[in-house]
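Asker:
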Amino acid sequence: MAFNTSTPQFSMALMKEEGTILSEFYLASGSKNFRRFMPGIHFLLSNAKVDTKEIKAIMVATGPGSFTGLRVGLSEAKGMAQGLQIPLIGVSSLEAMAAQLPYAKQPVCPIIDSRKGEVFVALFSWGADQRMIRTQQDTCLRIEDLPSAIAKPTLFVGNDFNRQAHLIREILGRKAELAPAHLWNLKASAVGTLGLKRFLTHDFDDLQELVPTYFRPPDIRPNPFALNPEKRGPNDSGDRGT
Numbered sequence: 014m015a016f017n018t019s020t021p022q023f024s025m026a027l028m029k030e031e032g033t034i035l036s037e038f039y040l041a042s043g044s045k046n047f048r049r050f051m052p053g054i055h056f057l058l059s060n061a062k063v064d065t066k067e068i069k070a071i072m073v074a075t076g077p078g079s080f081t082g083l084r085v086g087l088s089e090a091k092g093m094a095q096g097l098q099i100p101l102i103g104v105s106s107l108e109a110m111a112a113q114l115p116y117a118k119q120p121v122c123p124i125i126d127s128r129k130g131e132v133f134v135a136l137f138s139w140g141a142d143q144r145m146i147r148t149q150q151d152t153c154l155r156i157e158d159l160p161s162a163i164a165k166p167t168l169f170v171g172n173d174f175n176r177q178a179h180l181i182r183e184i185l186g187r188k189a190e191l192a193p194a195h196l197w198n199l200k201a202s203a204v205g206t207l208g209l210k211r212f213l214t215h216d217f218d219d220l221q222e223l224v225p226t227y228f229r230p231p232d233i234r235p236n237p238f239a240l241n242p243e244k245r246g247p248n249d250s251g252d253r254g255t
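Residue numbers (our numbering): 14 to 255.
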């Protein structure tokens, strides 16, 4: 079973060991998608007529991406792996996104929006043996700085291309080719595909040591009412939780 909660486009997939997708669902961006985590698992299992005891491993996207999404996804994945006593495998979100473009002739640059005026990027290429090769580690930069990382025509794929596509074309010109729109968002089946390769070689992650990939601390802003109760209005309880 594979999860992607690293982007606003939340997805889950149930797959066979040879890579066949038994069941998968995908939800477009929405702030409350993660509340559907447990109902989503029930949907996958019931749709594929699979019992939880038949799940052999959990694969989860570990980022970079949304702080909240990564925290929720990894917590749920660890809980399931521990409860079912099965292996846990973490997968780079950018690597999984690039894997959705197999056998690309040019380098592939996956992009995940950081929502801070920056983007998370990496670079991959496909070797003669049809294996994906990482040529640049995950990094965070301003989209305007892409030319410093892109030396030749590159195929781009990203989760927020509705906003970013025109900027990428404007900045890079002929060096930028965009993947088809239906591949822009990361699917859990791509996470599962990479995770299965490690599962078959018994390359598992340590349940306690696996952590999300962050490039900055979470954006936690203090509650001004908690810091200064005098600012609180008569009808304001000071509860600003989300």
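Note that CB positions come from ideal geometry on N, CA and C, so glycine has one too.
The structure displayed is predicted, hence computed values, not measured ones.
If you scan the region 126-188 from start to end, which runs of the beta strand (DSSP E) of 3 or more residues do you find wholly inside it?
Answerer: For the region 126-188, whole beta strand (DSSP E) runs of length 3 or above, ordered along the chain, are 132-139, 145-154, 167-171.
Asker: In terms of alpha-carbon separation, which member of M28, C122, Q149, R211 lies closest to V63?
Answerer: Stepping through the sequence shown from its first residue, residue 63 is reached at position 50. The candidate whose alpha carbon is nearest that of V63 is M28.
Asker: With which residues is E37 paired in a DSSP beta bridge?
Answerer: Taking the first residue of the sequence shown as 1, we reach residue 37 at position 24. In DSSP, E37 forms a bridge with A26.
Asker: In this structure, how does DSSP classify M110 when only helix, strand and coil are distinguished?
Answerer: Here residue 110 corresponds to residue number 97 of the sequence shown, with the count starting at 1. If DSSP states are grouped into helix, strand and coil, M110 belongs with the helices.
Asker: For I156, which residues of its own chain have a beta-carbon under 6 Å away from its beta-carbon, when the five flanking residues on both sides are left out?
Answerer: Walking along the sequence shown from the start, residue 156 turns up at place 143. These residues qualify, in order along the chain: V132, L180.
Asker: Please list, in chain order, all residues of the same chain as Q149 whose beta carbon is under 6 Å from its beta carbon, the five residues on each side excluded.
Answerer: In the sequence shown, the residue the question calls residue 149 occupies position 136. A135, L136.
Asker: Grab the span of the beta strand (DSSP E) containing L101 for me, first residue to last.
Answerer: Reading the sequence shown from its first residue, position 88 is the one you call residue 101. Counting along the chain, the beta strand (DSSP E) containing L101 begins and ends at 101-104.
Asker: Restricting to runs no shorter than 4 residues, where is the alpha helix (DSSP H) found entirely within the region 66-97?
Answerer: Correct list: 80-97.
Asker: Mapping DSSP to helix, strand and coil, what is N198?
Answerer: As a first step, residue 198 is located in the sequence shown; it is residue number 185 there, counting from the start. Correct three-state label for N198: coil.
Asker: Hey, is the region 80-88 in contact with the region 108-120, meaning 3+ C-beta pairs nearer than 8 Å?
Answerer: These segments do not touch.
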